[in-house]
Amino acid sequence: MEDLEMDDEETLCAETWLKPSSGNSIPQPNQPSFTNFTLPKDQPACEDPSLLDFGVRIGTSFSKYSLAPDHHGQSLQSNNSNRNQGNVNQQINEALQVGKAQDWDPPAMLNNLSFLEQKIHQLQGMVHIIGVRRGQILQQSDEIAMQQQQMITADLTSIIVQLISTAGSLLPLVKHNFAGPTDGATGQHNRQMSEILCNPGLGLNATNTGESHGRGGPNIPNQSNQAGPTGDTAHSHPLDERELKEEDDADEGENLPPGSYEILQLEKEEILAPHTHFCTICGKGFKRDANLRMHMRGHGDEYKTPEALAKPNKGNGSEAMLLKRYSCPFVGCKRNKDHKKFQPLKTILCVKNHYKRTHCDKSYICSRCNTKKFSVIADLKTHEKHCGKDKWLCSCGTTFSRKDKLFGHIALFQGHTPAIPLDESKGAEGLFEQGQATSGEKTKVAQSINFSFHTGSHNGSGVKNIMDVKGSIDDPCSYFSPINMNSFNEFSGAAFDDPDGGFSFFIPDSCNYDQKNDLDVVLQASEQ
Amino acid sequence: MKKRKIADCGQEQGLELHQNFFNTLSEEIVFTILDFLGDNPLDKKSFSLVCKCFYSIEAVHRRAIRPLRTEHLPKILSRYPNAERLDLTLCPRVTDASLVAISSSPCGSSLRSIDLSRSRFFSAGGLSRLASECVNLTEIDLSNATDLRDPGAAALAGARNLERLWLGRCKLITDMGIGCIAVGCQRLKLLNLKWCLGIGDLGVGLVAVKCSELRTLDVSYLQISNKCLPSILKLPYLEDLVLEGCFGIDDDSLSTLKHGCKSLKALDISSCQNISHIGLFYIISRHEGLQHLTLAHGPPVTAPLAASLRKLTMLQSIKLDGCSVTCSALKVMGSYCVSLGELSLSKCSGITDEAFSFLVTRQKQLKRLDITCCRKITDVSLAHITSSCTGLTSLKMESCRQVSKEAFVLIGQRCNFLEELDLTDNEVDDEGLKSIGRCSRLIVLKLGICLNITSEGLSHISRSCSKLVELDLYRSSGISESGIVAIAHGCPSLEMINTSYCYGITDNALMSLSKCTKLHTLECRACPLITSLGLGVITIGCKQLAKLDIKKCNKIDDAGMIPLAHFSENLRQINLSYTSVTDAGLLALASISCLQSMTILHLKGLTLSGLTAALLACGGLAKVKLHATFRSCLPETLLEHLEARGCVFHWRNKPFQAELDPKCWTMLGDTLQ
């Protein structure tokens with residue numbers, strides 16, 4: 001089977017790579033290397049379960065490639081895989097360049113390439129520095145190492161994405177070359193090739209995962225394609241092999257008995273890539289295969305056939321009957337197939353959401369509340385629909401759309417307490433202040449009431465409102481009948497003797513009673 | 001005491017060579033002396049006025065303060081640094097500033113209890129300061145804080161040591177607010193949420209989860225259902241649970257209760273419309289340790305329900321007020337219930353002589369019995385009560401009209417331990433009173449609307465019942481001056497007396513009553529013979545007078561108000577309607593700093609300006625009842641000002657009523673029968 005496939009691939013490649021050389025106007029000094037470097041050699045490497053996916057692939061290709069004259073003068077002795085990667089990228093670029101047919105834009109391509117070259121050089125420098133430092137400081141913390149690795153990975157990813165988009169414009173040419181006898185097999189080869197072109201980038205983290213499961217995203221839909229009209233089983237072989245391996249690994253499947261499904265593991269970059277389906281003509285990316293197919297219609301009538309538009313059907317072959325389950329690439333995660341209690345994810349979408357939610361930063365912040373963060377944009381949108389409606393707030397910051405859920409939460413956790421919404425408390429305080437203000441106003445107003453009995457000058461300077469008003473009633477006689485006053489004045493002195501002093505407005509001289517202690521007048525206390 | 005003080009003062013002033021006697025006494029001894037000055041706040045005042053030394057000793061000694069005005073709070077609080085209990089019920093206006101003053105005062109940290117139940121105008125901000133700075137606060141009464149919202153409750157949650165909290169009628173507090181309190185105040189032992197209509201299952205449920213030390217919980221009239229009941233009953237120390245008027249609790253919820261609360265001793269499930277005898281059966285059967293059970297205004301008490309009470313072996317009291325109780329139920333209770341100490345059958349329909357007699361002959365240990373308005377009860381029952389329950393201390397039998405006057409003799413003959421006796425609206429006569437006179441322990445005697453009694457009967461009471469504290473003679477029109485004189489002589493500890501509509505009461509009666517120095521409530525409404533003179537004398541004698549009702553005493557005029565204003569420093573509440581008091585009298589009255597409530601309807605001599613001046617002068621007013629015509633006359637700004645001070649106006653629109661014929665009431669009573 002392997003031989004068969006190899007042959008197949010080799011013929012394909014030979015054709016693929018030879019063709020452009022014939023009609024290529026640009027000098028291709030590197031051309032011989034392509035026969036060595038190209039995909040057929042990659043494929044077996046990838047299949048080799050005992051070796052690291054990417055490293056091995058690069059290693060293999062590199063060793064092949066190194067036989068060819070080094071056009072760019074890069075150091076072949078570099079044992080840094082990243083650097084190798086750079087080389088490989090370079091090579092792929094060139095390969096793409098070679099593969100480009102008449103209708104591509106050489107100056108643009110050159111631009112792209114030189115840009116990529118620049119980037120690779122930068123990366124090279126960085127890796128070099130890291131390498132030197134690592135040599136100097138042995139006691140380097142894992143964290144820093146991780147950061148460095150992440151930095152390099154990010155750079156490489158961007159390079160690869162650009163590379164792919166550049167390569168995208170070449171691929172149709174390849175396809176065009178086969179356009180004459182359009183049979184399923186060749187179409188698949190094309191696809192496979194495009195996958196593999198993608199693979200180096202997507203499989204970058206293979207060294208991290210330590211397992212050779214770096215299958216490209218496009219591989220998965222491709223697998224169903226493999227059971228095409230040709231019935232060519234050769235292509236499914238690598239998957240078979242992997243399946244076998246994974247069956248060994250995933251012997252603790254929970255819901256599904258082990259072996260009843262196959263486990264696929266996407267790489268981090270693949271999961272995080274914004275698009276998983278790329279147009280082979282213009283390179284435009286799509287999130288959904290259906291959208292890509294719709295898009296493809298614009299590239300020619302051949303994409304408008306019902307076959308081309310049809311959803312790639314599954315379940316024709318016996319292998320395809322197997323259920324597919326997915327593993328998270330994050331080591332230690334329960335969704336990772338190496339976890340003891342591995343629980344597989346059902347779909348790619350699940351993988352994506354799981355990975356983003358669990359292992360990525362929450363970079364989407366709700367614009368309404370500015371507190372809630374999400375890593376999946378759909379979650380943010382769902383939240384934004386309800387944001388503000390979640391009025392049940394806990395002191396820990398968690399909001400609930402239902403009051404009973406909040407109370408359940410509070411009952412469960414010590415120290416958590418219902419949080420009264422700020423606007424409510426503010427509103428209440430505002431009311432209070434308002435109340436104070438209005439009552440103050442009232443006091444003032446009352447102070448300035450000009451009562452009919454008020455004859456003396458108004459003593460409105462003080463804050464002691466009540467007393468002042470009373471104090472201003474200087475001459476009660478002007479108001480009360482003298483008959484009443486005779487009996488009245490006798491007692492009134494003490495009666496109106498107020499602690500504040502401003503109270504005695506009824507002839508205090510006539511007072512014969514004890515002066516009262518100011519506090520005790522107003523104080524009445526009972527012993528407990 | 002006073003003499004000694006005066007002597008002491010004289011010595012201090014006259015002979016400076018000699019030192020103050022009291023300097024030789026240690027502070028502890030003076031404190032002990034002060035402890036005996038508990039009853040009258042004025043005594044302590046006099047004590048502190050003796051000398052500087054006494055002043056400071058009294059200031060250090062005092063634990064409880066009840067200020068009249070919040071304006072003086074800072075002074076008061078700095079004078080009494082050891083105050084633990086602050087009662088602000090006399091201050092209608094307590095603002096946040098007052099609460100801040102309290103919390104930042106020297107006694108703030110020692111303060112244990114604060115009562116804000118009658119105060120308004122404070123908010124969450126003040127409560128928050130109080131809660132955070134008065135760290136030893138264990139008791140807060142916030143009843144009637146109808147403006148208090150969740151932020152206020154959240155502020156309260158800062159009082160971590162709170163053990164007793166009253167939130168009755170705080171209608172705006174919701175589950176969120178009570179949730180904050182539940183989480184913040186986990187040491188709560190008593191929580192009263194009566195009428196907190198905003199609180200539901202979730203809030204109460206959370207309280208039950210978080211405040212595991214709760215002993216007493218009142219959730220009356222809350223919209224709670226079966227959801228929170230299980231968690232309430234899981235409280236490990238709950239002893240007293242009040243579920244009055246919880247319409248959300250029904251039979252289904254009670255039937256699903258798996259287990260009751262083992263520590264529960266008192267349960268009140270009055271007025272729960274949706275609980276039938278089935279639900280009661282479930283809840284009773286799961287709480288066998290109950291000591292006090294209240295089922296007032298509930299489903300009919302039938303024999304099966306009564307039989308389920310037999311499981312309650314610890315039961316001491318049961319209240320079935322307002323229920324219809326069948327005869328068989330009474331018999332079952334008599335046969336099977338453990339011996340009860342208290343039984344209340346007030347307004348129970350269906351109680352007959354036969355069944356009730358059977359019950360009381362079995363329940364011989366009864367101490368308190370309430371058969372108010374059991375109209376079918378006759379002499380037979382009373383004979384059985386008196387013969388079997390000789391240890392009765394309290395018997396309330398208002399409006400048992402079927403009991404004849406001869407039967408009341410039995411009460412005096414057999415129940416000599418009675419302390420409280422309510423014979424309102426009964427046929428009791430002087431012979432009966434003569435017999436009741438043997439109950440020398442009587443403290444409360446209510447003889448309202450007893451038309452057969454005269455002064456002679458009262459004189460029998462006065463001879464032996466020297467401990468009498470409360471006497472009600474409302475509309476017992478046979479009472480004349482001599483009866484009151486006799487009571488005044490025989491019952492020196494009298495505190496409350498009601499002689500309303502006893503038309504024969506004169507000034508002489510009041511003069512004799514002035515010897516009852518502890519008198520604090522005097523109601524002599526519609527006693528036309530009383531004049532200002534009598535009132536003046538009583539105000540001089542009874543310094544404790546706090547409540548005075550002289551409505552329709554037309555002879556009382558300004559001359560009576562002036563001594564009242566001068567001597568009755570403790571007067572809180574007065575009803576002056578239909579008297580001859582005019583502006584001057586009212587203004588004089590306004591100088592009473594304690595005065596909080598005034599009812600001034602149909603005062604002929606009152607003018608608008610006089611009323612205005614009096615209202616303004618009376619700073620502590622919290623409630624004023626006025627005729628509705630004044631509402632439009634008084635300046636709006638004045639009303640607003642007074643309301644801002646904390647005064648509430650009640651406008652009445654009753655037309656002027658000429659005094660009815662004295663016999664009219666009797667006739668009215670006859671027609672009712």
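Chains as they are written, first to last, in full-length UniProt numbering: chain A, 1 to 528; chain B, 1 to 673.
Here a beta-carbon is modelled for each residue, glycine too, at the ideal position from N, C-alpha and C.
Using a C-beta cutoff of 8 Å, does residue i count as contacting chain A?
{"i": "B/Ala154", "result": "yes"}
{"i": "B/Gly10", "result": "Its pLDDT being 44, under 50, B/Gly10 is placed unreliably in this model, and the coordinates cannot settle the point."}
{"i": "B/Gly534", "result": "no"}
{"i": "residue 709 of chain B", "result": "The structure shown does not extend to residue 709 of chain B, since chain B spans only 1 to 673, so no value can be given for it."}
{"i": "B/Pro151", "result": "yes"}
{"i": "B/Met176", "result": "yes"}
{"i": "B/Cys180", "result": "yes"}
Indicate the three-state DSSP secondary structure (helix, strand or coil) for residue i in the structure shown.
{"i": "B/Met333", "result": "helix"}
{"i": "A/Arg357", "result": "helix"}
{"i": "A/Ile365", "result": "strand"}
{"i": "B/His72", "result": "helix"}
{"i": "B/Ala157", "result": "coil"}
{"i": "B/Glu84", "result": "coil"}
{"i": "B/Phe36", "result": "coil"}
{"i": "B/Ala526", "result": "coil"}
{"i": "B/Gly245", "result": "coil"}
{"i": "B/His287", "result": "coil"}
{"i": "B/Ala296", "result": "coil"}
{"i": "B/Ile114", "result": "strand"}
{"i": "A/Ala419", "result": "strand"}
{"i": "B/Phe54", "result": "helix"}
{"i": "A/Asn486", "result": "Reliability fails at A/Asn486, whose pLDDT of 37 lies under 50, so the model's placement of it is uncertain and no value is given."}
{"i": "B/Cys542", "result": "coil"}
Hey, does residue i have any beta-carbon neighbour from chain B nearer than 8 Å?
{"i": "A/Thr417", "result": "yes"}
{"i": "A/Phe407", "result": "yes"}
{"i": "A/Lys356", "result": "no"}
{"i": "A/Ala403", "result": "The amino acid at residue 403 of chain A is misidentified as Ala; the sequence shows Lys. With 8 Å as the cut-off, A/Lys403 counts as an interface residue toward chain B."}
{"i": "A/Ala167", "result": "no"}
{"i": "A/Ala154", "result": "no"}
{"i": "A/Ala310", "result": "no"}
{"i": "A/Ala378", "result": "no"}
{"i": "A/Ala411", "result": "yes"}
Quickly, what does DSSP pair residue i with across the bridge? List them, please.
{"i": "B/Leu471", "result": "B/Leu445, B/Ile497"}
{"i": "A/Lys268", "result": "Partner(s): none; A/Lys268 has no beta bridge."}
{"i": "B/Leu235", "result": "B/Leu235 pairs with nothing; no bridge assigned."}
{"i": "B/Ile65", "result": "B/Leu86"}
{"i": "A/Arg325", "result": "A/Ile263"}
{"i": "B/Val648", "result": "B/Lys623"}
{"i": "B/Ser324", "result": "B/Ser349"}
{"i": "A/Ile164", "result": "In the DSSP output, where bridge partners are listed per residue, A/Ile164 has none listed."}
{"i": "B/Met511", "result": "Beta-bridge pairing links B/Met511 to no other residue."}
Going by the CB atoms, is the gap between residue j and residue i shorter than 8 Å?
{"i": "B/Glu495", "j": "B/Glu470", "result": "yes"}
{"i": "B/Cys524", "j": "B/Asp549", "result": "yes"}
{"i": "B/Gly126", "j": "B/Ser143", "result": "no"}
{"i": "B/Ile65", "j": "B/Asp35", "result": "no"}
Round the Cβ separation of residue i and residue j to the nearest angstrom and send it over; I've been treating them as touching at under 8 Å.
{"i": "B/Ile178", "j": "B/Val207", "result": "6 Å"}
{"i": "residue 674 of chain B", "j": "B/Leu615", "result": "A question about residue 674 of chain B goes unanswered here, because the residues of chain B that appear run from 1 up to 673."}
What I want to know is whether the C-beta of residue i ends up closer than 7 Å to one or more non-hydrogen atoms of the ligand MN.
{"i": "B/Leu49", "result": "Inclusion of the ligand MN in the displayed structure is not the case, the ligand content being empty and no account of it being possible."}
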